[in-house]
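*Asks:* Top to bottom, those sequences are chains A and B.
In case it helps, numbering that gives the first Met the number 0 puts the first sequence at residues 0 to 93.
In case it helps, numbering that gives the first Met the number 0 puts the second sequence at residues 0 to 428.
A virtual CB, placed ideally from N, CA and C, is assigned to each residue, including glycine.
Keep in mind the model is a prediction, meaning the values are calculated, not measured.
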Amino acid sequence: MAKAKITFEDINQTVNVPAGTRIIEISEKIGAGIIYGCREGDCGTCMTHVIEGWNNLTEPSVLEEKVLRENMANRHDRLACQAQILGDCKVRPA
Amino acid sequence: MGKEYQDATGNPGAVEIAPGVHWIGALDASLRTFDIILRTANGTTYNAFLIRGDAGVAVVDTVKLEFSDEFFRRLESVADYSEIRVIVLNHLEPDHSGALPELMRRAPQARLYISTRATSMLKAVLKPKDSDRPFEYETVGTGDEVSLGNRTLRFLHTPFLHWPDTQCTYLVENGVLFSGDVFGCHYCDSRLYNDRVGDFRFSFDYYYAHIMRPFKAHVMDALKLIEPLRLKMIAPTHGPILRDRPRRYVTHYRELSTSSLVDQIDNDERSLVVFYMSAYGSTARMAEAIRAGAEEEAGVRVSLYDLEGGETEPFVDLIEEADALAFGSPTINGDAVKPVWDLLSSLAVVNLKGKLGAAFGSYGWSGEAVRMIEDRMRGLKMRVPVAGLRLKLIPTDEELVECRVFGRKLAAALVGGEQGRVIDFSELG
Numbered sequence: 000m001a002k003a004k005i006t007f008e009d010i011n012q013t014v015n016v017p018a019g020t021r022i023i024e025i026s027e028k029i030g031a032g033i034i035y036g037c038r039e040g041d042c043g044t045c046m047t048h049v050i051e052g053w054n055n056l057t058e059p060s061v062l063e064e065k066v067l068r069e070n071m072a073n074r075h076d077r078l079a080c081q082a083q084i085l086g087d088c089k090v091r092p093a
Numbered sequence: 000m001g002k003e004y005q006d007a008t009g010n011p012g013a014v015e016i017a018p019g020v021h022w023i024g025a026l027d028a029s030l031r032t033f034d035i036i037l038r039t040a041n042g043t044t045y046n047a048f049l050i051r052g053d054a055g056v057a058v059v060d061t062v063k064l065e066f067s068d069e070f071f072r073r074l075e076s077v078a079d080y081s082e083i084r085v086i087v088l089n090h091l092e093p094d095h096s097g098a099l100p101e102l103m104r105r106a107p108q109a110r111l112y113i114s115t116r117a118t119s120m121l122k123a124v125l126k127p128k129d130s131d132r133p134f135e136y137e138t139v140g141t142g143d144e145v146s147l148g149n150r151t152l153r154f155l156h157t158p159f160l161h162w163p164d165t166q167c168t169y170l171v172e173n174g175v176l177f178s179g180d181v182f183g184c185h186y187c188d189s190r191l192y193n194d195r196v197g198d199f200r201f202s203f204d205y206y207y208a209h210i211m212r213p214f215k216a217h218v219m220d221a222l223k224l225i226e227p228l229r230l231k232m233i234a235p236t237h238g239p240i241l242r243d244r245p246r247r248y249v250t251h252y253r254e255l256s257t258s259s260l261v262d263q264i265d266n267d268e269r270s271l272v273v274f275y276m277s278a279y280g281s282t283a284r285m286a287e288a289i290r291a292g293a294e295e296e297a298g299v300r301v302s303l304y305d306l307e308g309g310e311t312e313p314f315v316d317l318i319e320e321a322d323a324l325a326f327g328s329p330t331i332n333g334d335a336v337k338p339v340w341d342l343l344s345s346l347a348v349v350n351l352k353g354k355l356g357a358a359f360g361s362y363g364w365s366g367e368a369v370r371m372i373e374d375r376m377r378g379l380k381m382r383v384p385v386a387g388l389r390l391k392l393i394p395t396d397e398e399l400v401e402c403r404v405f406g407r408k409l410a411a412a413l414v415g416g417e418q419g420r421v422i423d424f425s426e427l428g
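Laid out in structure tokens, this is it:
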């Protein structure tokens, strides 16, 4: 299976993950500083800023776009519970 | 219904707490349990306020739905709904937003101001139907202001005190801080002011310990915004209004949020606390070997505690300050033992995120406890860098060496031996 590396800048940890893994599946286990609410793409709590590798995440769905907009997301912010990792990237809590 | 407030003249109306500023909240003297987690021996108050400027009226916070009648009666005694231009919600929890939908219906011209993080909560609180007229609101952050003519409301973004949405509102000209739940407590006394009510110090500290304590880092951030303010009065949403030496409460919050005796631990040292329960001494011997192994790593201070000899609360204090925790439990009837679960289910009041965790234990038949403790720690947002260690019954000398290695690995992870290393997904469990 294709692998990708995701780096959590706030705790300086990198994890080698199978492509398609959602950010939340890693960030929760490794104890990155991202915070969580509904875990289903509705509340916007787990907003995460993508520092590098923006294009290496799945495209946001229409619903994720809407939640990001409502929560005044900045450019390159994503929801950790929605974005799936396709290639190397670096993130931090938004 | 709560006990009706009566002022000195028997008037159940609003109370003027500063020129042009009225308390229009409600008293809930019969409440004994708040939000499941908090007890109160004499109820609480839902404090809401009305501010009159020469260019309009503002309402800051509302009350729990069941107390709407009291709130509206007090509001009506000092203002007409048509005068309300501004509604501020410092916190969207239902005990403060209960009367909001009705207030917005009665004052449709008013504009609602909430923090930037409150949007999704507002929708969940109001639950608008598609057929409803869309409600209008504005989100504000630190430094944003709303003018009421001769009065100015300035906002302070204070997230996680104690919800993501929380903010404070400062009435600049009067030096009054409407602080939301910050500096609040569940204490009901119709005399309202901190210099007139009974002794509420216990309630104040108890409220902090259960509501604000998990968010100490955020409290410190908020204090940086609050401390420079000229403070003549702090008006929180629960409990006494702090008009007598309000700054003492700000100082007290700083004290409560600062670790006591923190300078007793070397700044460069990381702290590992090993807790265990043992039936026949095997898990205890594992714990001792793990401690010995961890102590071989420079820069780690290890503490060892037998859960049988202590009470939950001081252990929670220890855990709050620790950088890593190891729990040892035998497996009895397929489960970890109750004192371990008692402690692991008492940690909602402290922030565990990012702490390291490890589990170990001796077992007779199956040894489920270790994996269950690991799952619990992950559920608490701790990271488990070293796979748990299970030994069958009495540890041999070789197995005790394994325990030392386990302790050393955990300590190495704690002092940053893993920094920069690429961890494989499978290691995360």
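Give the residues of chain A in contact with residue 427/B, contact being defined as C-beta atoms less than 8 Å apart.
*Replies:* Simply 14, 25, 28 and 29.
*Asks:* Name the one or two DSSP bridge partners that residue 356/B has.
*Replies:* According to DSSP, residue 356/B bridges with 324/B.
*Asks:* Output the distance between the C-alpha atoms of residue 373/B and residue 46/A, rounded to the nearest integer angstrom.
*Replies:* About 27 Å.
*Asks:* Using a 10 Å radius around the Cβ and a threshold of 16 neighbouring Cβ atoms, would you call residue 385/B buried or exposed?
*Replies:* Buried is the call here.
*Asks:* Check whether the Cβ atoms of residue 167/B and residue 288/B sit closer than 7 Å, and answer yes or no.
*Replies:* No, they are not a contact pair.
*Asks:* At the 7 Å Cβ level, is residue 119/B part of the contact set with chain A, yes or no?
*Replies:* Cβ-Cβ to chain A under 7 Å: yes for residue 119/B.
*Asks:* Looking at residue 315/B: is its Cβ nearer than 7 Å to the Cβ of residue 256/B?
*Replies:* No, these two residues do not count as a Cβ contact at 7 Å.
*Asks:* Kindly give me the distance between the Cβ atoms of residue 272/B and residue 346/B, rounded to whole angstroms, as I take these residues to be in contact under 8 Å.
*Replies:* 13 Å between Cβ atoms; not a contact.
*Asks:* Once DSSP output is grouped into helix, strand and coil, what is the label at residue 393/B?
*Replies:* Residue 393/B falls in the coil class under three-state DSSP.
*Asks:* How far does the alpha helix (DSSP H) with residue 64/A in it reach, from first residue to last?
*Replies:* Element bounds for residue 64/A: 61-69.
*Asks:* Go through its chain and collect everything with a Cβ distance to residue 165/B's Cβ below 6 Å, but skip five positions before and after it.
*Replies:* Same-chain partners within the cutoff: 90, 157 and 179.
*Asks:* Count the other CB atoms within 10 Å of the CB of residue 104/B; is the residue buried (16 or more) or exposed (fewer)?
*Replies:* So residue 104/B ends up on the exposed side.
*Asks:* On the DSSP bridge list, what partners appear for residue 76/A?
*Replies:* BP columns for residue 76/A point to 48/A.
*Asks:* In whole angstroms, give me the CA-to-CA distance for residue 309/B and residue 303/B.
*Replies:* C-alpha separation (whole angstroms): 12 Å.
*Asks:* For residue 15/A, write down the residues that DSSP places opposite it in a beta bridge.
*Replies:* Partner(s): 4/A and 423/B.
*Asks:* What's the call for residue 108/B, buried or exposed, on a 16-neighbour Cβ count within 10 Å?
*Replies:* The residue is exposed, with fewer than 16 neighbouring Cβ atoms inside 10 Å.
*Asks:* Which of the three DSSP states is assigned to residue 28/A in this structure?
*Replies:* Looking at residue 28/A - three-state DSSP - the assignment turns out to be helix.
*Asks:* Kindly indicate which three-state DSSP category residue 146/B falls into: helix, strand or coil?
*Replies:* Reduced to three states, the DSSP call for residue 146/B is strand.
*Asks:* Check the Cβ of residue 507/B against every Cβ in chain A and list those closer than 8 Å, keeping chain order.
*Replies:* Outside the displayed range of chain B (0 to 428) lies residue 507/B, so it cannot be described from this structure.
*Asks:* Unbroken beta strand (DSSP E) runs of length 3 or more, entirely within the segment 15-50 of chain B: which are they?
*Replies:* The qualifying runs are 20-22, 25-27 and 43-45.
*Asks:* Distance check for residue 71/B and residue 312/B, CA to CA, integer angstroms please.
*Replies:* Residue 312/B and residue 71/B: Cα-Cα distance of roughly 42 Å.
*Asks:* The beta strand (DSSP E) spanning residue 288/B covers which residue range?
*Replies:* Taken as a continuous stretch (DSSP letters only), residue 288/B belongs to no beta strand (DSSP E), being part of the alpha helix (DSSP H) at 281-294.
*Asks:* Take residue 51/A as the anchor and find which of 84/A, 35/A and 32/A has the nearest alpha-carbon.
*Replies:* Cα-wise, what sits closest to residue 51/A is 84/A.
*Asks:* Please tell me whether residue 8/B has its Cβ less than 7 Å away from any Cβ of chain A.
*Replies:* With a pLDDT of 43 at residue 8/B, under the threshold of 50, the predicted position of this residue should be treated as unreliable, though the coordinate-derived value follows. No, no contact with chain A.
*Asks:* Have a look at 399/B, 318/B and 421/B and flag the residue whose alpha-carbon is nearest the alpha-carbon of residue 376/B.
*Replies:* Looking at the Cα atoms, 318/B is the closest of the given residues.
*Asks:* Between 24/A, 34/A and 6/A, which lies nearest to residue 49/A when the distance is taken from Cα to Cα?
*Replies:* Among 24/A, 34/A and 6/A, the Cα nearest to that of residue 49/A is on 6/A.
*Asks:* Ordered along the chain, which non-local residues of its own chain (more than five positions away) have a Cβ less than 7 Å from that of residue 161/B?
*Replies:* Around residue 161/B: 180, 210, 211 and 214.
*Asks:* Using beta carbons (cut-off 7 Å, strictly below), is residue 39/A in contact with chain B?
*Replies:* So no, residue 39/A is outside the interface.
*Asks:* Counting only beta-carbon separations shorter than 7 Å, does residue 73/A have a partner in chain B?
*Replies:* No, because no Cβ of chain B sits closer than 7 Å to the Cβ of residue 73/A.
*Asks:* Just the Cα atoms here: how many angstroms apart are residue 222/B and residue 176/B?
*Replies:* Looking at the two C-alpha atoms, the distance is approximately 12 Å.
*Asks:* Which residue's Cα is closest to the Cα of residue 354/B: 1/A, 32/A and 23/A?
*Replies:* Considering only alpha carbons, the answer is 32/A.
*Asks:* Could one say the Cβ of residue 382/B lies closer than 7 Å to chain A's Cβ atoms, at least one of them?
*Replies:* It does: the Cβ of residue 382/B has a partner Cβ on chain A nearer than 7 Å.
*Asks:* The alpha helix (DSSP H) with residue 93/B in it runs from where to where?
*Replies:* Per DSSP, residue 93/B belongs to the alpha helix (DSSP H) from 93-96.
*Asks:* Which residue comes first and which comes last in the alpha helix (DSSP H) that contains residue 100/B?
*Replies:* Residue 100/B -> alpha helix (DSSP H) spans 99-105.
*Asks:* List the residues of chain A that residue 424/B touches, going by C-beta distances under 8 Å, in chain order.
*Replies:* What residue 424/B touches in chain A: 14, 15, 16, 17, 20 and 25.
*Asks:* Nearest chain A C-beta to residue 421/B closer than 7 Å, yes or no?
*Replies:* Chain A, which has a Cβ nearer than 7 Å to the Cβ of residue 421/B, makes this yes.
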